[in-house]
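Chemist: Chains as they are written, first to last, in our numbering: chain A, 152 to 523; chain B, 9 to 148. Using N, Cα and C, we set each Cβ at its ideal position, and we do this for glycine too. The structure presented is a predicted model; accordingly, all values stated were derived computationally and were not measured.
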Amino acid sequence: MGYVAVKGGTKAIEASKKRLKYERLKDGEIIEIKTILSSMKALVDQVMSEASFYSPFLAALAIKQAEGSMEEAVFLMRAHRSTLPRLYYSQTVETESMFVKRRISASFKDIPGGQMLGATYDYTHRLLDFELAKENTVDNHQWLQAYKQELQDVSREDDIQYFPKVVDYLREEGLFEEYEDDNTSPMDITKESIQFPTPRSARLQTLTRGQTGAVTSLGYASLRGYGQVHPTVGEVRVGDLPIYVDHPTENNENAEDNDFYIGEITVSEVESFVPVSIKNDRHDEELEFEIGYGVCYGQNETKAIAMSILDQCLEHPEFDFPTHSEEFVLLHIDSVESTGFISHLKLPHYVTFQSKLDSIRQVKKGATSNES
Amino acid sequence: MNRRRRTKILIDGDWCLAKGMADEVTQRYNCQNIIAPRQGLTMVRMRESAKKSLFYIGEVLVTEAKVELNQCIGIGIVVGIHEEMARQLAVIDAAYKAELPETKKWEDRLLKAEQLIKKEKSKQQTELFETTVNFETMDV
């Protein structure tokens, strides 16, 4: 049999697209973008993080269009992002300026400013709440009124508090190494392909836009023994960060006077404390702590913690562990790349497969004639 | 008032304030669009706290507009899809650059709006403090 190169299918593809729309519409229900925005925040956050593109509205639209498929929604966001011009670069964002909505530490009971739980599923019973199946707006409104009433009695502070980092106190005590601000221009992996070994900026950018499941799985693998990092979480913080950009033409000598505040983004940030053995001046083994860093768009603490583990793994390459190999980790965690490559396998490969079949037939034929 | 503080008040506060100020200008002066409101990206540069180096966390969708007023160019930038707001911010920015007399009268309104924002934020924070853990050490 010869090769079977084919063309055609246009009509079938059009019919398939119509079928897709039919499947989405057939039950007569419409989910509004505002409903997704207010009731599926975690999903919206995850899409923005994996798309590396912060826009809750567009993420909600992508979720609607993709009918809840994460990989499709992230692909749509990445594709849309590629149609837009990059107009500005922000000034450096420092997370000390975060308006904190949640901040906890697994390392210290007493942290300056206290442990603020904020809104979290951490302490909820993982039992299905069947009451939600018959939820109605009247009851919800009443609950909200009662909750606001409860908060009326809370005594007010006049000033807004910004929380220092837990690690800063440990640095002051000399327990963690102090670093000067490193203002080396970061690499941008959307402009340059990564080369190995990568600079730290490329690693962090790749990790923060990694697929949540992939980043979490590899972080978990490291904890289970396929890596050498088992940290204690020093601080998890979730909150809003202000973004400022410089004026494009004015003299920016007094940058703070002339820059633009453009709004806020919500992020989750994690500092993990990792014990490492080092040799001191007398060549004795000594225990020291290093910090693994994780951050991502929205509230997605598991991803940020896993990122902090992988950050530390990649800081210390180990030949024996895949989670310490930057090539292994960084080239396999991107949602669009991994889902795209896997799903392309279902697209027509008629020519290549027929070619392989031909080869096998030839081999078998050769074997048969040799036997005879 | 510097641009940083002004834009923070206008964006974080009630957007009616920006609309009112921009309307005052456009009713009296000729404001030409240089760049009509358009969507674009701002790449966010962050400093990580482990080694204090810089990296890019990702891009943010913004709306940008540019206008000209009395030969002065004003720029408006805001996170999200907000075409009217971007243009209003651009008009206000141009008004300050052109040193229009109206801008002197805006100071009080801006300061009052700033107080309201602070009050609202501190209220929000106080409510969040209700979730702060009060540890009790147990006798073992």
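Could you name the residues of the same chain whose beta carbon sits closer than 7 Å to that of residue 53 of chain B, not counting the 5 residues immediately before and after it, in chain order?
Modeler: Position 45 of the second sequence, counted from the first residue, corresponds to residue 53 of chain B. Once the five neighbours on either side are set aside, the close Cβ partners of residue 53 of chain B are 62 and 64.
Chemist: Starting from the Cα of residue 273 of chain A, find the closest Cα among A:291, A:254, A:283 and A:285 and give me that residue.
Modeler: Along the first sequence, read from residue 1 onward, the residue named residue 273 of chain A stands at position 122. For residue 273 of chain A, the nearest C-alpha among the options comes from A:254.
Chemist: From the DSSP output, read off the bridge partner residues of residue 307 of chain A.
Modeler: Here residue 307 of chain A corresponds to residue number 156 of the first sequence, with the count starting at 1. Answer is none; residue 307 of chain A lacks a bridge partner.
Chemist: Suppose the cutoff is 6 Å on Cβ atoms and the five residues either side in sequence are ignored; what does the same chain contact list for residue 352 of chain A look like?
Modeler: Within the first sequence, numbered from 1, the residue matching residue 352 of chain A stands at position 201. These residues qualify, in order along the chain: 337 and 338.
Chemist: Is the number of C-beta pairs between the region 103-116 of chain B and the region 417-431 of chain A that are closer than 8 Å three or more?
Modeler: In short, these stretches do not touch, since the Cβ pair count stays below three.
Chemist: Taking the beta strand (DSSP E) that residue 250 of chain A falls in, what are its first and last residues?
Modeler: Looking up residue 250 of chain A in the first sequence gives position 99. That run of the beta strand (DSSP E) goes 250-255.
Chemist: Mind checking whether residue 33 of chain B and residue 94 of chain B have CB atoms under 9 Å apart?
Modeler: Against the second sequence, residue 33 of chain B aligns to sequence position 25. Against the second sequence, residue 94 of chain B aligns to sequence position 86. It is not a contact, given that the beta carbons lie outside the stated cut-off.
Chemist: Which value, in whole angstroms, describes the spacing of the CA atoms of residue 377 of chain A and residue 355 of chain A?
Modeler: Position 226 of the first sequence, counted from the first residue, corresponds to residue 377 of chain A. Position 204 of the first sequence, counted from the first residue, corresponds to residue 355 of chain A. Answer to the nearest angstrom: the Cα atoms are 21 Å apart.
Chemist: For residue 196 of chain A, which three-state DSSP category applies?
Modeler: Looking up residue 196 of chain A in the first sequence gives position 45. Residue 196 of chain A falls in the helix class under three-state DSSP.
Chemist: Taking the straight line between their C-alpha atoms, what separation do you get for residue 175 of chain A and residue 182 of chain A?
Modeler: Translated into the one-based positions of the first sequence, residue 175 of chain A becomes position 24. Translated into the one-based positions of the first sequence, residue 182 of chain A becomes position 31. Each residue's Cα considered, the two are about 10 Å apart.
Chemist: Quick one: measure Cβ to Cβ for residue 360 of chain A and residue 261 of chain A, integer angstroms, because I've assumed they're closer than 8 Å.
Modeler: As a position in the first sequence, residue 360 of chain A is number 209, starting the count at 1. As a position in the first sequence, residue 261 of chain A is number 110, starting the count at 1. Contact doesn't hold; Cβ gap of about 35 Å is too wide.
Chemist: According to DSSP, is residue 269 of chain A helix, strand or coil?
Modeler: In the first sequence, counting from the first residue as 1, residue 269 of chain A sits at position 118. In this structure, residue 269 of chain A counts as coil in the three-state DSSP scheme.
Chemist: With a cut-off of 9 Å, does the C-beta of residue 464 of chain A fall near any C-beta of chain B?
Modeler: Numbered from its first residue, the first sequence carries residue 464 of chain A at position 313. It does not; no Cβ of chain B falls within 9 Å.
Chemist: Restricting to Cα atoms, I'd like to know which of A:333, A:433 and A:446 is closest to residue 387 of chain A.
Modeler: Taking the first sequence and counting its residues from 1, one reaches residue 387 of chain A at position 236. For the residues A:333, A:433 and A:446, the minimum Cα distance to residue 387 of chain A belongs to A:446.
Chemist: If you follow the beta strand (DSSP E) that residue 109 of chain B is part of, which residue opens it and which one closes it?
Modeler: Within the second sequence, the letter at position 101 stands for residue 109 of chain B. It is not in any beta strand (DSSP E) - residue 109 of chain B carries neither H nor E in the DSSP assignment.
Chemist: Counting only runs that start and end within the region 282-352 of chain A, where is the alpha helix (DSSP H) found for 4 or more residues in a row?
Modeler: Runs of the alpha helix (DSSP H) inside the region 282-352 of chain A: 288-303 and 317-323.
Chemist: Tell me whether residue 305 of chain A is buried or exposed, calling it buried when 16 or more other Cβ atoms sit within 10 Å of its Cβ.
Modeler: For the purposes of this step, residue 305 of chain A is taken as the residue at position 154 of the first sequence. So residue 305 of chain A ends up on the exposed side.
Chemist: Which of helix, strand or coil does DSSP assign to residue 52 of chain B?
Modeler: Your numbering for residue 52 of chain B matches position 44 in the second sequence. Note: residue 52 of chain B maps to strand in three-state DSSP.
Chemist: Can you pull the DSSP bridge partners for residue 415 of chain A?
Modeler: Residue mapping note: residue 415 of chain A aligns to position 264 of the first sequence, counting from 1. DSSP, once it has assigned bridges, lists A:393 as partnering residue 415 of chain A.
Chemist: Just mark residue 26 of chain B as buried or exposed, buried being the case when its beta carbon has 16 or more other beta carbons within 10 Å.
Modeler: Here residue 26 of chain B corresponds to residue number 18 of the second sequence, with the count starting at 1. Residue 26 of chain B is buried by the Cβ-count criterion.
Chemist: Taking the CB atoms as reference points, tell me whether residue 451 of chain A and residue 197 of chain A lie closer together than 9 Å.
Modeler: In the first sequence, the residue the question calls residue 451 of chain A occupies position 300. In the first sequence, the residue the question calls residue 197 of chain A occupies position 46. Closer than 9 Å, so yes.
Chemist: Within the same chain, show all residues whose beta-carbon is closer than 8 Å to that of residue 399 of chain A, passing over the 5 residues directly before and after it, in chain order.
Modeler: Taking the first sequence and counting its residues from 1, the one referred to as residue 399 of chain A is at position 248. Cβ within range, chain order: 239.
Chemist: Is the distance from the Cβ of residue 19 of chain B to the Cβ of residue 81 of chain B below 9 Å?
Modeler: Here the question's residue 19 of chain B lines up with position 11 in the second sequence. Here the question's residue 81 of chain B lines up with position 73 in the second sequence. No, Cβ-Cβ distance for residue 19 of chain B and residue 81 of chain B is not below 9 Å.
Chemist: Determine, using beta-carbon pairs with one atom in the region 411-423 of chain A and one in the region 388-396 of chain A, whether at least three such pairs fall under 8 Å.
Modeler: Yes: at least three Cβ pairs fall under 8 Å.
Chemist: Out of B:98, B:57 and B:59, state which residue places its alpha-carbon closest to the alpha-carbon of residue 412 of chain A.
Modeler: Your numbering for residue 412 of chain A matches position 261 in the first sequence. Checked all of B:98, B:57 and B:59; the closest Cα to residue 412 of chain A is B:98.
Chemist: Going by DSSP, which residues form a beta bridge with residue 46 of chain B?
Modeler: Position 38 of the second sequence, counted from the start, is the residue given in the question as residue 46 of chain B. DSSP, once it has assigned bridges, lists B:72 as partnering residue 46 of chain B.
Chemist: First and last residue of the alpha helix (DSSP H) that includes residue 208 of chain A?
Modeler: Taking the first sequence and counting its residues from 1, the one referred to as residue 208 of chain A is at position 57. Where residue 208 of chain A is concerned, the enclosing alpha helix (DSSP H) stretches over 207-216.
Chemist: Measure from the C-beta of residue 122 of chain B to each C-beta in chain A and report whether the shortest distance is under 9 Å.
Modeler: Locating residue 122 of chain B in the second sequence gives position 114, where the first residue counts as 1. No, residue 122 of chain B does not count as interfacial toward chain A.
Chemist: Would you please state the rounded distance, in angstroms, between the beta carbons of residue 69 of chain B and residue 465 of chain A? I believe it to be under 8 Å.
Modeler: Taking the second sequence and counting its residues from 1, one reaches residue 69 of chain B at position 61. Taking the first sequence and counting its residues from 1, one reaches residue 465 of chain A at position 314. No, residue 69 of chain B and residue 465 of chain A are not in contact; Cβ-Cβ is about 30 Å, not under 8 Å.
Chemist: Which residue wins for smallest C-alpha separation from residue 331 of chain A, given the options B:55, B:39, B:84 and B:44?
Modeler: As a position in the first sequence, residue 331 of chain A is number 180, starting the count at 1. Selected option, being the one with the closest Cα: B:55.
Chemist: Is residue 402 of chain A helix, strand or coil by DSSP?
Modeler: What you label residue 402 of chain A is simply residue 251 of the first sequence in a count that begins at 1. Reduced to three states, the DSSP call for residue 402 of chain A is coil.
Chemist: Which residues in the same chain as residue 225 of chain A place their Cβ atom closer than 7 Å to its Cβ, once the five residues preceding and following it in sequence are excluded?
Modeler: If you number the first sequence from 1, residue 225 of chain A lands on position 74. Counting only Cβ-Cβ distances below 7 Å, and skipping sequence neighbours, we find 198, 201, 202, 486 and 487.
Chemist: Taking the beta strand (DSSP E) that residue 446 of chain A falls in, what are its first and last residues?
Modeler: To locate residue 446 of chain A, count along the first sequence from 1; it is residue 295. Unbroken beta strand (DSSP E) run through residue 446 of chain A: 436-448.
Chemist: Please return the same chain residues whose Cβ sits closer than 8 Å to the Cβ of residue 449 of chain A, not counting the five positions on each side in sequence.
Modeler: By 1-based counting over the first sequence, the position of residue 449 of chain A is 298. Once the five neighbours on either side are set aside, the close Cβ partners of residue 449 of chain A are 192, 193, 195, 196, 197, 199, 200, 417, 418 and 419.
Chemist: Using the beta-carbon count (16 or more within 10 Å), is residue 189 of chain A buried or exposed?
Modeler: What you label residue 189 of chain A is simply residue 38 of the first sequence in a count that begins at 1. With fewer than 16 other Cβ atoms within 10 Å, it is exposed.
Chemist: On the DSSP bridge assignment, give the partners of residue 494 of chain A in chain order.
Modeler: Stepping through the first sequence from its first residue, residue 494 of chain A is reached at position 343. In the DSSP output, where bridge partners are listed per residue, residue 494 of chain A has none listed.
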